[in-house]
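Peer 1:
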Amino acid sequence: MPVPPPDAVDQQLRGTPDAPHRHDTPLSPLPAVSEYRHDLDGLRGIAIALVVVFHIWMGRVSGGVDVFLVLSGFFFTGMVLRRTDIGGVDGWQVVRRTARRLLPALVVVLATVAVATVILRPYTQWADIADQTLAAAFYYQNWHLAYAELDYLAPDPSVSPLQHLWSMAVQGQFYLAMLVLLAIAAWISQRIGRRALHRPGLVAVLAGLTAVSFWYAADGTGQHQTWTYYDSFARAWELLIGAALAVAAPWIAVAKPLRTVLAILGLTGVLTCGLLIDGATRFPGPAALYPVAAAVALIVAGMNTPVPQRPWANRLLATRVFTELGALGYALYLWHWPVLIFYLAEYGKPTPGIGGGLLVLGVSLALALITQRFIETPLRRRSTSTPVPTPLPHRGATGVVVTLGVGVLVSALGWQAVLKVGPPQHPQGLDPVRYPGAAALVDQAFTPSAPMRPTVLEGPTDSPPPTTDGCITPNREIRTCTYGDPTAPHAIALVGGSHSEHWIPAFELLAREHNFRIVTFLKEGCPLTLVEQPSYAETPFPECSEWSVQVLDRLTESRPDWVFTIATRNRVHDDGDEVPPEYLDIWTALSDRGLNVLALRDTPRLRRDGVLYRAVDCLAQRGSPESCGIDRATALDPHNPAEQPAAVYPNVFPLDLSDAVCRPDRCRVAEGNVLIYRDEHHLTASYARTLAPELGRQIGALTPWW
């Protein structure tokens, strides 16, 4: 997230290096250079331009946010230090001034997104937007996303219009932490008789914290990238490097030839980072050193140097076109993402294309200019003469922001209260006569007139037991749970990710009827695989392959009668489904261990033009089970693609329940009055139970158990 432009007082303070106190440090500070760093405003402008362009047209991370984080650490720490040197740390004043610069534009964007969501998006999305509105307003959006384990990849209509505000949350948390750290350092200095902070000691502390955070980030990106991307502790090292530069600024001196080299390398690094590195899959690990080092090089190249003597790259960044873009950067960053997401959602596109992208960019710039002119500028403007009544533009902007802020919080909290009072309750059991479900397809059972269950509000929570009882792991931990009769002599090991998990409700019914147990080995988003990045995955996931190896070892030890897993997957860039080569590797591994495999064809995924969509959202927008479905020829191949490769493995037996989910021509989102999908591609527990008879028939034909 870009740093908003400073007010006049902060510009004056930021332009002057921290006043040294000779008796407090053994080092000799450099002569003070008072020129304001307009080049860093220009750097902010370049970075925001890259973020916007890469989000709209490239569908990847540019590294611009990482540059912002370094600048944030540098600017904020320097500002607090200067105020500390003037008269101690006034935490309330710092918080008030920072909030005055950050919150008004944010409140306007949150209010606009809330209104647009109510008008344009289905009511099934309101609860999540309300959650994220509160998370953004109170600066914990990054943790909200981390716990939801959302991937920050190419934007599409299913992505939240507030997802980009995770970086604002990280910065806000850092500001509070740094303010506390500097307040403690100032208190210690006063206790030992110093008039100013001991900067060498503070630099050492920041360096140590940077090293710890960097190690944590490097370890996290190799284990759980999705979580680490949003983790404040993993991101802290980028901000801490900027903070350490601010503390050490009085003693940083670089020779002129080296300044030129640093500036050229820094500007080149900022411009090329997104082309060379996909940050969504590798930041904030060691790969983030690329944009961070580029930002540091540009900061250092112009440090303690008069403007005429700064490298040409720094002087270029200080020109008006870049500084004006930098001044607009904060508002532009806030607006561009929701405008992009609403555009994609309205037109059902995975990318906006050239024309759509230009429209998104134009609307975002217009909204940013309006926000800057009528909200940010009046609230930053202060009288420098004798006290006079507050100017009318200031009062008007304040009134708008306060009204919108109260409205946003009241509406978000109110919607959450409504859901708390009457939360959706998914059905525990449905009358098979009124709700035949899969029997309407398999047995042509009569479907009477009855309201669909679960409803569109109940559907997302109608999940299998492991989701709520903790039997599917989000990390490397091997969690095993037993369903059915725990003392039964026969066992089926159900392994893989959530597409294996959503069959548990059907297996529970069969286990009670036929006296066997189900032992689960489940991990979120992880079908068994032996490679770090399978052909169907957009990002490396080494944690999944490591977990899979451990599961294979546990299966070898426990020797279940059968191993149940998913045999196929939708083609990523084409219609139909296939058996990924990584699945064949697992079949080979299970065969080598003498384990018999029930390999089930996967459930069709709901998608249009390559974009996944939720069944409940489509139905909430007056869609029907038919119109919200997908053509069978688009979702599935004419024949089960697992049959031919399974014939090579004497221990692998394919199962196919496609005819119990899809009609001959179309896969609808509800059958027999029962909702099939709880999201884009997972079965509701209610529909899975109606699949038990057909699943039992096919398993019974392969086993001697019934």
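With the first letter of the sequence shown counted as 1, position 60 gets the number 60 in UniProt numbering; the numbers rise by one all the way through.
For glycine and all other residues, C-beta sits at the position ideal for the given N, C-alpha and C.
1) Please report the Cβ distance between L240 and T210, rounded to the nearest whole angstrom; I am assuming they are in contact, meaning their Cβ atoms lie under 8 angstroms.
2) Once you ignore the five residues that flank G42 on each side, which residues in its own chain have a CB closer than 6 angstroms to its CB?
3) Would you mind stating whether Q132 and H144 have Cβ atoms separated by less than 8 angstroms?
4) Of the residues V170, A633, L675, L262, which one's Cα is nearest the Cα of L69?
5) Hey, how far is the Cα of L486 from the Cα of R517?
6) Quick check: the Cα distance between P465 and E557, rounded to an integer number of angstroms?
7) Just to check my reading of the structure: A368 and W335 have Cβ atoms closer than 8 angstroms, yes? What is that Cβ distance to the nearest angstrom?
8) Just mark L691 as buried or exposed, buried being the case when its beta carbon has 16 or more other beta carbons within 10 Å.
9) Distance, Cα to Cα, T377 vs V65?
10) Helix, strand or coil for P654, going by three-state DSSP, please let me know.
11) Distance, Cα to Cα, D90 vs R96?
12) Give a yes or no on whether the C-beta atoms belonging to P161 and W337 are separated by under 8 angstroms.
13) In three-state terms, what does DSSP make of residue 711?
14) Rounded to a whole number of angstroms, what is the C-alpha to C-alpha distance between R320 and V94?
15) CB-CB under 7 angstroms to V579, same chain, minus the five flanking residues each way: which ones, in chain order?
16) If you measure between the beta carbons of E524 and I472, is that distance less than 8 angstroms?
17) Quick check: what's the CA-CA separation for G78 versus R195?
18) Can you tell me which of the three DSSP states T480 falls into?
19) In whole angstroms, what separates the C-alpha of E238 from that of G73?
20) Which one or two residues does DSSP pair with D577 in a beta bridge?
21) Which same chain residues, not among the five before or five after L555, have their C-beta less than 8 angstroms away from its C-beta?
22) Rounded to the nearest angstrom, what separates D128 and A47 at their Cα positions?
23) Quick check on T565: buried or exposed, where buried means 16 or more other Cβ atoms within 10 Å of its Cβ?
24) Buried or exposed for A635, going by 16 or more other Cβ atoms inside 10 Å?
25) Name the residue from Q372, L206, E501, L359 whose alpha carbon lies nearest to the alpha carbon of G105.
26) Sort T228, C628, T117, D278 by Cα distance to E538 and report the nearest one.
27) By DSSP, does C667 sit in helix, in strand, or in coil?
28) Note down the Cα distance separating I504 from R668, rounded to an integer number of angstroms.
29) Judging by CA-CA distance, which residue of L332, I252, V307 is the nearest neighbour of residue 741?
30) For F521, which beta-bridge partners are listed by DSSP?
31) Quick one: give me the first and last residue of the beta strand (DSSP E) that L600 is part of.
32) Evaluate A366 with the Cβ neighbour count: other Cβ atoms within 10 Å of its Cβ, from every protein chain shown; 16 or more gives buried, anything less gives exposed.
33) Rounded to whole angstroms, what's the CA-CA distance from D575 to T403? Just pull it up for me.
34) Please state whether DSSP places I252 in a helix, a strand or coil.
35) Using the beta-carbon count (16 or more within 10 Å), is T98 buried or exposed?
36) Find out if the Cβ-Cβ distance for the pair R434, S686 is shorter than 8 angstroms.
Peer 2: So, from the data block:
1) On the sequence shown, residue 240 is found 240 positions in, with the first residue counted as 1. On the sequence shown, residue 210 is found 210 positions in, with the first residue counted as 1. Confirmed, about 4 angstroms.
2) Within the sequence shown, residue 42 is the residue found at index 42, counting from 1. Closer than 6 angstroms at Cβ, skipping near neighbours: L317, A318, F322, T323, G326.
3) Here residue 132 is taken as the residue at index 132 of the sequence shown, counted from 1. Here residue 144 is taken as the residue at index 144 of the sequence shown, counted from 1. Cβ atoms of Q132 and H144: closer than 8 angstroms.
4) Translated into positions along the sequence shown, residue 69 becomes position 69. Comparing Cα-Cα distances from L69 to each of V170, A633, L675, L262, the minimum goes to V170.
5) Counting from one through the sequence shown, the residue named residue 486 turns up at place 486. Counting from one through the sequence shown, the residue named residue 517 turns up at place 517. Inspection of the sequence shows that residue 486 is occupied by Pro rather than by Leu. Rounded to whole angstroms, P486 to R517 spans 6 angstroms at the Cα level.
6) Within the sequence shown, numbered from 1, the residue matching residue 465 stands at position 465. Within the sequence shown, numbered from 1, the residue matching residue 557 stands at position 557. Going from the Cα of P465 to the Cα of E557 covers about 25 angstroms.
7) As a position in the sequence shown, residue 368 is number 368, starting the count at 1. As a position in the sequence shown, residue 335 is number 335, starting the count at 1. Contact holds; Cβ gap of about 5 angstroms.
8) Residue 691 sits at position 691 when you count from the first residue of the sequence shown. Counting of Cβ neighbours within 10 angstroms places L691 among the buried residues, the total reaching 16 or more.
9) The sequence position of residue 377 within the sequence shown is 377, counting from 1. The sequence position of residue 65 within the sequence shown is 65, counting from 1. Answer to the nearest angstrom: the Cα atoms are 24 angstroms apart.
10) Along the sequence shown, read from residue 1 onward, the residue named residue 654 stands at position 654. Looking at P654 - three-state DSSP - the assignment turns out to be strand.
11) Numbered from its first residue, the sequence shown carries residue 90 at position 90. Numbered from its first residue, the sequence shown carries residue 96 at position 96. Going by the C-alpha atoms only, they are around 10 angstroms apart.
12) As a first step, residue 161 is located in the sequence shown; it is residue number 161 there, counting from the start. As a first step, residue 337 is located in the sequence shown; it is residue number 337 there, counting from the start. Yes; because the gap between Cβ atoms is below 8 angstroms, this pair is in contact.
13) It is not possible to answer for residue 711, since the shown part of the chain is limited to 1 through 706.
14) One-based indexing of the sequence shown puts residue 320 at position 320. One-based indexing of the sequence shown puts residue 94 at position 94. Taking the CA atoms as reference points, R320 sits about 29 angstroms from V94.
15) As a working mapping, residue 579 is identified with position 579 in the sequence shown. Counting only Cβ-Cβ distances below 7 angstroms, and skipping sequence neighbours, we find A567, T568, P641, A642, P645.
16) Counting from 1 along the sequence shown, the entry for residue 524 is found at position 524. Counting from 1 along the sequence shown, the entry for residue 472 is found at position 472. Yes, the pair counts as a contact, with Cβ atoms nearer than the cut-off.
17) Position 78 of the sequence shown, counting from 1, holds the residue named residue 78. Position 195 of the sequence shown, counting from 1, holds the residue named residue 195. Their backbone Cα atoms lie some 17 angstroms apart in a straight line.
18) Position 480 of the sequence shown, counted from the start, is the residue given in the question as residue 480. Looking at T480 - three-state DSSP - the assignment turns out to be strand.
19) Against the sequence shown, residue 238 aligns to sequence position 238. Against the sequence shown, residue 73 aligns to sequence position 73. A direct Cα-to-Cα measurement between E238 and G73 gives close to 8 angstroms.
20) Your numbering for residue 577 matches position 577 in the sequence shown. According to DSSP, which records beta bridges pairwise, D577 is partnered with N570.
21) Taking the first residue of the sequence shown as 1, we reach residue 555 at position 555. Sequence-distant Cβ neighbours of L555 in its own chain, meaning closer than 8 angstroms and more than five residues away, are A493, V495, F521, V563, L590, R593, L595.
22) One-based indexing of the sequence shown puts residue 128 at position 128. One-based indexing of the sequence shown puts residue 47 at position 47. Cα-Cα distance, rounded: 30 angstroms.
23) Position 565 of the sequence shown, counted from the start, is the residue given in the question as residue 565. Answer is buried; the Cβ neighbour count reaches 16.
24) Position 635 of the sequence shown holds residue 635. Buried is the call here.
25) Stepping through the sequence shown from its first residue, residue 105 is reached at position 105. The residue asked about is misnamed: residue 105 is Ala in this sequence, not Gly. Nearest C-alpha to A105: Q372.
26) For the purposes of this step, residue 538 is taken as residue 538 along the sequence shown, with counting starting at 1. The shortest C-alpha separation from E538 is found at D278.
27) Position 667 of the sequence shown, counting from 1, holds the residue named residue 667. In the structure shown, C667 sits in a strand (DSSP, three-state: E or B).
28) The residue labelled residue 504 in the question sits at position 504 within the sequence shown. The residue labelled residue 668 in the question sits at position 668 within the sequence shown. The straight-line gap from Cα to Cα measures roughly 22 angstroms.
29) The structure shown has nothing for residue 741, since the chain only spans 1 to 706.
30) Within the sequence shown, numbered from 1, the residue matching residue 521 stands at position 521. Bridge partners of F521: T480, V495.
31) To locate residue 600, count along the sequence shown from 1; it is residue 600. Start and end: 597-600.
32) Here residue 366 is taken as the residue at index 366 of the sequence shown, counted from 1. It is exposed - the Cβ of A366 has fewer than 16 other Cβ atoms within 10 Å.
33) As a position in the sequence shown, residue 575 is number 575, starting the count at 1. As a position in the sequence shown, residue 403 is number 403, starting the count at 1. Each residue's alpha carbon lies about 49 angstroms from the other.
34) Your numbering for residue 252 matches position 252 in the sequence shown. Note: I252 maps to coil in three-state DSSP.
35) In the sequence shown, the residue the question calls residue 98 occupies position 98. So T98 ends up on the buried side.
36) Translated into the one-based positions of the sequence shown, residue 434 becomes position 434. Translated into the one-based positions of the sequence shown, residue 686 becomes position 686. No, the pair does not count as a contact, with Cβ atoms beyond the cut-off.
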